[in-house]
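Under full-length UniProt numbering, the first residue of the sequence shown carries the number 1, and numbering increases by one thereafter.
From the three backbone atoms N, C-alpha and C, an ideal C-beta is built for every residue, glycine too.
Source: prediction; values computed, not measured.
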Amino acid sequence: MSEMVQLRPNERLDDLCMGGRQIIQRTDEFCFSMDAVLLAHFLHMTGREHVLDLGTGTGVIPLLIADRAREITAVELNPVQAELAARNVRMNNLTDKISVREGDYRDPPALFACGEYDLVFSNPPYRPVTSGALSVGARAAARHEITATLADTVRAAAYALKHGGRLAMVHLPERLGEIVLALHAEGLAVKRLRMVQPRADKAPNLMLIEAVKGTALAGMRHEPALIVRDAKGRYTEEIRSIYGQEM
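Structure representation (structure tokens):
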């Protein structure tokens, strides 16, 4: 680590189980969960990609993919989370690879150039503001489309991507139809789809999508489901491998 970790009120330090990397999060803000970790491991990367993370939060996805990317831009609207993301980058000695920009990606030209990136990651708010019990504050913005809608997110990704560039997104299976239409409207097509099931006998509660800019709609690969827990409630071998746990 580049500096002694000084935690402030309402902050905690979590181990990312990846080469000693750690992340500071606030207990009174939205903290990352498994969906971000699964998304970070979903795309195949060569190490040459220029990557954009839309709505980075405290920067967990950039921290997890840093060894597999050439350069990463992390965008965050919430100033508290953006400041934490920048601290996390410094703490993990990754300032030469990850840059954090505070701003609203509903105005993409204010944050990045058109066609600048090979890959875009997005773990967007899942629910329209009309659905579910609406929480308050930062957690509400992370879960509901208060600051950015699905269309806003896809539009920003399409603006950022080069022709042939890829978008990786985690979202709810129930919104697949909307997502396909939103992607199509911005010239992106789903090429890989993987459902995530809590257990083998449960319906999917998440899905991982890889879409490509400027390609035909045909040719989507529907991959075998990712099962989180076995019949005894333990993490499956694949989940343990993703989290870097010993088998």
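Along the chain, where does the alpha helix (DSSP H) containing residue i start, and where does it finish?
{"i": "Asp-152", "result": "150-160"}
{"i": "Ser-241", "result": "237-242"}
{"i": "Val-37", "result": "34-40"}
Please return the same chain residues whose Cβ sits closer than 7 Å to the Cβ of residue i, not counting the five positions on each side in sequence.
{"i": "Ala-182", "result": "Leu-150, Ala-151, Val-154"}
{"i": "Met-247", "result": "Note that Met-247 scores 46 on pLDDT, short of 50, meaning its location in the model is unreliable; the coordinates nonetheless yield the value given after this. So the qualifying residues of the chain are Glu-237, Arg-240."}
{"i": "Val-60", "result": "Ile-23, Phe-32, Ala-36"}
{"i": "Thr-95", "result": "Val-89"}
{"i": "Leu-176", "result": "Met-207"}
{"i": "Glu-116", "result": "His-50, Ala-160"}
{"i": "Glu-102", "result": "Glu-76, Pro-79, Ala-82"}
Tell me which residue opens and which closes the beta strand (DSSP E) that residue i is part of.
{"i": "Leu-193", "result": "188-199"}
{"i": "Ala-74", "result": "71-76"}
{"i": "Gly-225", "result": "Inspection of the sequence shows that residue 225 is occupied by Ala rather than by Gly. 221-229 is the extent of the beta strand (DSSP E) around Ala-225."}
{"i": "His-44", "result": "Element bounds for His-44: n/a, residue is neither H nor E."}
{"i": "Val-5", "result": "Here Val-5 belongs to no beta strand (DSSP E), and DSSP marks it neither H nor E."}
{"i": "Glu-210", "result": "206-213"}
{"i": "Arg-68", "result": "Note, Arg-68: premise wrong, no beta strand (DSSP E); not H, not E."}
Run through DSSP, which three-state label would residue i get?
{"i": "Glu-116", "result": "coil"}
{"i": "Asp-14", "result": "strand"}
{"i": "Val-60", "result": "helix"}
{"i": "His-184", "result": "helix"}
{"i": "Val-80", "result": "helix"}
{"i": "Arg-166", "result": "strand"}
{"i": "Arg-48", "result": "coil"}
{"i": "Arg-106", "result": "coil"}
{"i": "Val-136", "result": "Residue placement at Val-136 cannot be trusted, given a pLDDT of 48 that sits under 50; what the coordinates show is reported in the next sentence. It is coil, neither helix nor strand."}
{"i": "Gly-233", "result": "coil"}
{"i": "Arg-101", "result": "strand"}
{"i": "Arg-26", "result": "strand"}
{"i": "Arg-21", "result": "coil"}
{"i": "Leu-176", "result": "helix"}
CA-CA distance, residue i and residue j?
{"i": "Val-75", "j": "Arg-199", "result": "33 Å"}
{"i": "Gly-187", "j": "Leu-161", "result": "11 Å"}
{"i": "Val-80", "j": "Gly-164", "result": "34 Å"}
{"i": "Leu-193", "j": "Gly-233", "result": "25 Å"}
{"i": "His-50", "j": "Cys-114", "result": "13 Å"}
{"i": "Gly-19", "j": "Ala-156", "result": "32 Å"}
{"i": "Pro-124", "j": "Ala-82", "result": "16 Å"}
{"i": "Gly-57", "j": "Ile-72", "result": "14 Å"}
{"i": "Leu-77", "j": "Leu-54", "result": "9 Å"}
{"i": "Arg-26", "j": "Leu-206", "result": "25 Å"}
{"i": "Leu-43", "j": "Thr-147", "result": "26 Å"}
{"i": "Ala-185", "j": "Ala-158", "result": "10 Å"}
{"i": "Arg-12", "j": "Gln-245", "result": "21 Å"}
{"i": "Pro-108", "j": "Ala-218", "result": "29 Å"}
{"i": "Leu-172", "j": "Ser-99", "result": "29 Å"}
{"i": "His-222", "j": "Phe-112", "result": "32 Å"}
Give me, in chain order, the residues of the same chain whose beta-carbon lies closer than 6 Å to that of residue i; leave out the 5 immediate sequence neighbours on both sides.
{"i": "Met-169", "result": "Ser-122, Ile-209"}
{"i": "Leu-64", "result": "Ala-40"}
{"i": "Gln-197", "result": "Pro-204, Ala-225, Ile-227"}
{"i": "Ala-231", "result": "none"}
Sorted by chain position, which residues of the same chain lie with C-beta nearer than 8 Å to residue i's C-beta, five sequence neighbours on each side aside?
{"i": "Tyr-243", "result": "Cys-17, Val-37, Tyr-235"}
{"i": "Arg-87", "result": "Ile-24"}
Determine contact between the region 68-75 and the region 21-36, defined as no fewer than three beta-carbon pairs at a distance below 8 Å. no
Does the region 207-227 touch the region 7-23, meaning 3 or more C-beta pairs lie closer than 8 Å? no
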